[in-house]
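Its first residue numbered 33, the sequence shown is counted upward by one per residue in our numbering. We put the beta carbon where it would ideally sit given N, CA and C, even for glycine.
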Amino acid sequence: MGYCIEKKADCGNKVVWKSRPDESVGVVAKRGGQYCVVEYSEMDKPTSELRDPKTNQLVYGAANICNHFYTVSFLTDVVLPQMSLQYHVAHKKIPMADDSGATVTPTANTGVKLESFIFDVFPLSQRMAVLSSNRDDEFSPVKNAPGTPVDSPDSARQMLHDQASRWLNTSAYGYLEVSPLVSYAGEGLEGYRTDLPLTRVLSLDSKSHPATAHCVPTAIRHRLEQFKQQHVLHFIDNGTVSRYDAQLLLQDLASIDFDHLKASFERSLHGSTSAADVLSGPLTPLTDEVASLAGSSGADKDSWTKAGVEAIRQGQVAALVLSGGQGTRLGFSGPKGMYDIGLPSAKSLFELFALRLVKLQGESGGVIPWFIMTSMLNHDSTVSFFQKNLYFGLKPAQVVFFSQGTLPCLTIEGKLMLETPSKLSRAPDGNGGIYRALVDSGALKQMESLGVKYLH
């Protein structure tokens, strides 16, 4: 935070260096002089394996770990006015209603969902700052099931143990955990070392009476026919669904901007799906523009810390966590933030984040508003989790929940898909949907009203 403030950056990104060429993480680079992220699957093998002969580091090794900085003015003045129709296309096995109305899960890809990525706005930055940090302290993904040797709760738990052991200069423990309230980044532990003991319903109708073709407003039917989407009315027209369920579907259909959806689908499906490829010019690695924490002087780091703490003290900083996903791949049915990775304290990921904010507030004397983006899958359960845990020591008013947007799922021909006879198949619009969600939810206006200038 302080580094980006001192650099007067409008957008910032923290990176760690890739451990191997085939590590499944995107790389921050430049194309035509503009910052971008190249997904690991989009870089050819020879390029991904290039190494600096002096350091033996990967040339394209600046791994994007989704740790970003933005000024609020960058979002309001640059990003939002230039929101593009370009989406990335993901081919998926999308559950859909068959001819009988039963929902079936296909064995092959049946449609596409459109999504945007949070880093799609990097090329819009005029003053981007990139800071490289030690991956042993900063990066341990939790995306694979327990028992998996890498990128799992086991490897994340081991990283926290190794970090705590380094901080305290000891390896005598089977497992060591340091609470964020004790130390934010390894500081203030001197006194401990000697003491270690070892969708809203707008129109209600009858659930007992079947729908008919007359339930469909003429304007909606004509709109669907205009865009060749009238097939979604099949179960209403033949009376398969109730008038109540028909209203829910019609309400959803009325909310769709079909011009925008059609243009987005056609541009995304037939154009490039890579934000990096949309840019022109040769791809080049990051060089001198990346500052390294390990290679920075103590005076520089102290200055960055002072700038960040002062911004927090003045109420200029807000925290943002993207928490729309579920812990399915971890064998966990709830939001990933509620997951217990197996620490001795049994703290969830949400609690660890919260305690870091509590610690920073105590050090700075300021209050850090915390904005949490949920999804249609987990909004209620996330809010309930915070309520039951008394917001982990934070004030309820400073924790703001808002939900990620969704987009209708489409067949490869661009047809709307039904999940049930009366419900469209929808999917979250990707982590790049954060920008639209900040506006639609009112969260961005709330940040501005609080005097927030910097978002992390």
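TODO: Could you name the residues that DSSP lists as bridge partners for G474?
DONE: Position 442 of the sequence shown, counted from the start, is the residue given in the question as residue 474. Answer by DSSP bridge pairing: none, since G474 is not bridged.
Task: Buried/exposed call for H302, threshold 16 Cβ in 10 Å - done: Counted from its first residue, the sequence shown places residue 302 at position 270. Result: exposed.
Open item on the list: I'd like the ranges of any alpha helix (DSSP H) spanning at least 4 consecutive residues and lying wholly in the region 407-477.
Closed with: List check, alpha helix (DSSP H) in window: 411-420 and 466-472.
Task: Distance between L392 and T137 (C-alpha atoms, nearest Å) - done: Here residue 137 corresponds to residue number 105 of the sequence shown, with the count starting at 1. Here residue 392 corresponds to residue number 360 of the sequence shown, with the count starting at 1. Distance from the CA of T137 to the CA of L392, rounded to the nearest whole angstrom, comes to 46 Å.
Task: Rounded C-alpha distance that separates V390 from F364 - done: For the purposes of this step, residue 390 is taken as residue 358 along the sequence shown, with counting starting at 1. For the purposes of this step, residue 364 is taken as residue 332 along the sequence shown, with counting starting at 1. If you take the alpha carbons of V390 and F364, they lie about 27 Å apart.
TODO: Indicate the three-state DSSP secondary structure (helix, strand or coil) for E38 in the structure shown.
DONE: On the sequence shown, position 6 is the one that residue 38 refers to. It is helical.
- [ ] Work out the CA separation of D461 and G366 for me, nearest whole Å.
- [x] Along the sequence shown, one-based indexing puts residue 366 at 334. Along the sequence shown, one-based indexing puts residue 461 at 429. Taking the straight line from one Cα to the other gives about 20 Å.
Task: Meets three-Cβ-pair contact criterion under 8 Å: the region 156-168 and the region 468-482 - done: With the rule of 3 Cβ pairs closer than 8 Å, the region 156-168 does not count as touching the region 468-482.
TODO: Over the uninterrupted beta strand (DSSP E) stretch that includes Q66, give me the two end residues.
DONE: For this step, residue 66 is matched to residue 34 along the sequence shown. Q66 to V70 is the span of the beta strand (DSSP E), which, as asked, contains Q66.
TODO: With a threshold of 16 other CB atoms inside 10 Å of the CB of H292, please say whether the residue is buried or exposed.
DONE: Here the question's residue 292 lines up with position 260 in the sequence shown. Per the 10 Å Cβ criterion, exposed.
- [ ] Compute the distance between the beta-carbons of T360 and G143, then report whether it is under 7 Å.
- [x] Looking up residue 360 in the sequence shown gives position 328. Looking up residue 143 in the sequence shown gives position 111. It is not a contact, given that the beta carbons lie outside the stated cut-off.
Open item on the list: Helix, strand or coil, according to DSSP, for S396 in the structure here?
Closed with: As a working mapping, residue 396 is identified with position 364 in the sequence shown. Of the three classes helix, strand and coil, the one that applies to S396 here is helix, per DSSP.
- [ ] Quick one: residues in its chain with C-beta nearer than 8 Å to the C-beta of K427, no 5 flanking neighbours on either side, listed in chain order?
- [x] Here residue 427 refers to the residue found at position 395 of the sequence shown. Result list for K427: V399, in chain order.
Task: Cβ-based neighbour list, S335, same chain, cut-off 8 Å, excluding 5 preceding and 5 following - done: Counted from its first residue, the sequence shown places residue 335 at position 303. The answer, listed in chain order, is G34 and E38.
Task: Local conformation of F171 per DSSP, three classes - done: In the sequence shown, the residue the question calls residue 171 occupies position 139. In the three-state reduction of the DSSP assignment, F171 falls in the coil class, being assigned neither a helical nor a strand state.
TODO: Pick out whichever of M128, G220, M405 and A351 has its Cα sitting closest to the Cα of L264.
DONE: To locate residue 264, count along the sequence shown from 1; it is residue 232. In the sequence on display, residue 264 carries Val and not Leu. Distances from the CA of V264 to each of M128, G220, M405 and A351 were compared; the closest alpha carbon is that of M128.
Task: N- and C-terminal bounds of the beta strand (DSSP E) containing R253 - done: As a working mapping, residue 253 is identified with position 221 in the sequence shown. No beta strand (DSSP E) contains R253, which is instead part of the alpha helix (DSSP H) from T250 to Q258.
Open item on the list: I'd like to know whether the C-beta atoms of G374 and P185 end up nearer to each other than 7 Å.
Closed with: Position 342 of the sequence shown, counting from 1, holds the residue named residue 374. Position 153 of the sequence shown, counting from 1, holds the residue named residue 185. For the 7 Å CB-CB criterion, G374 and P185 form a contact.
Task: With 16 other Cβ atoms within 10 Å as the buried cut-off, status of T406 - done: To locate residue 406, count along the sequence shown from 1; it is residue 374. Buried, because 16 or more other Cβ atoms sit within 10 Å of the Cβ of T406.
Task: Residues that DSSP places opposite S274 in a beta bridge - done: Translated into the one-based positions of the sequence shown, residue 274 becomes position 242. Answer is P242, bridged to S274.
Task: For G340, the first and last residue of its enclosing alpha helix (DSSP H) - done: Against the sequence shown, residue 340 aligns to sequence position 308. Note, G340: alpha helix (DSSP H), G330 to R345.
- [ ] Using the DSSP secondary-structure output, state which residues sit across from S380 in a beta bridge.
- [x] Mapped onto the sequence shown, residue 380 falls at position 348. As computed with DSSP, S380 is found in a beta bridge with D372.
Task: Status (buried if at least 16 other CB within 10 Å, exposed otherwise) for V182 - done: Start at 1 with the first residue of the sequence shown, and residue 182 comes out as number 150. Exposed.
TODO: Please work out which residues of its chain come closer than 7 Å, Cβ to Cβ, to D84, disregarding the five sequence neighbours upstream and downstream, and give them in chain order.
DONE: As a working mapping, residue 84 is identified with position 52 in the sequence shown. Sequence-distant Cβ neighbours of D84 in its own chain, meaning closer than 7 Å and more than five residues away, are V91.
Open item on the list: Using a Cβ-based criterion (distance less than 6 Å to any ligand heavy atom), does V110 qualify as near the ligand PLP?
Closed with: The ligand PLP is absent from the structure shown, which contains no ligand whatsoever.
Task: Residues sharing a beta bridge with G357, DSSP - done: For the purposes of this step, residue 357 is taken as residue 325 along the sequence shown, with counting starting at 1. Answer is none; G357 lacks a bridge partner.
Task: Cut-off 7 Å between Cβ atoms - residues of its own chain near Q478, not counting five sequence neighbours on either side - done: Reading the sequence shown from its first residue, position 446 is the one you call residue 478. Cβ within range, chain order: V432.
TODO: Find the nearest neighbour of F149 within the set L163, D130, V70 and M75, judged by alpha-carbon distance.
DONE: Within the sequence shown, the letter at position 117 stands for residue 149. Here the closest residue by C-alpha is V70.
Open item on the list: I want to know whether the region 241-248 touches the region 270-278 - three or more CB-CB distances under 8 Å.
Closed with: Contact between the region 241-248 and the region 270-278 is present, because at least three Cβ pairs lie under 8 Å.
Open item on the list: I'd like to confirm the pairing. Which residues does DSSP put opposite T137 in its beta bridges?
Closed with: Within the sequence shown, numbered from 1, the residue matching residue 137 stands at position 105. BP columns for T137 are empty, so no partner.
- [ ] Just mark N45 as buried or exposed, buried being the case when its beta carbon has 16 or more other beta carbons within 10 Å.
- [x] Reading the sequence shown from its first residue, position 13 is the one you call residue 45. Here N45 is buried: its Cβ has 16 or more other Cβ atoms, across all protein chains shown, within 10 Å.
- [ ] Measure the alpha-carbon distance for H254 versus G446 and round it to whole angstroms.
- [x] Start at 1 with the first residue of the sequence shown, and residue 254 comes out as number 222. Start at 1 with the first residue of the sequence shown, and residue 446 comes out as number 414. Near 18 Å, if we compare the C-alpha coordinates of G446 and H254.
TODO: Reducing DSSP to helix, strand and coil, say where S132 ends up.
DONE: Position 100 of the sequence shown, counted from the start, is the residue given in the question as residue 132. Coil at S132, not helix or strand.
Task: Residue environment, V233, which counts as buried when at least 16 other CB atoms sit within 10 Å - done: For the purposes of this step, residue 233 is taken as the residue at position 201 of the sequence shown. Here V233 scores only 37 on pLDDT, less than 50, and its place in the model should not be relied on; the value that follows carries that caveat. V233 is exposed by the Cβ-count criterion.
Task: Check whether R484 and V111 have beta carbons under 7 Å apart - done: Taking the sequence shown and counting its residues from 1, one reaches residue 484 at position 452. Taking the sequence shown and counting its residues from 1, one reaches residue 111 at position 79. Per the sequence presented here, residue 484 reads as Val, with Arg not at that position. No, they are not a contact pair.
Task: Contact the region 206-223 vs the region 376-389: 3+ CB pairs below 8 Å - done: Contact holds: three or more Cβ-Cβ distances are below 8 Å.
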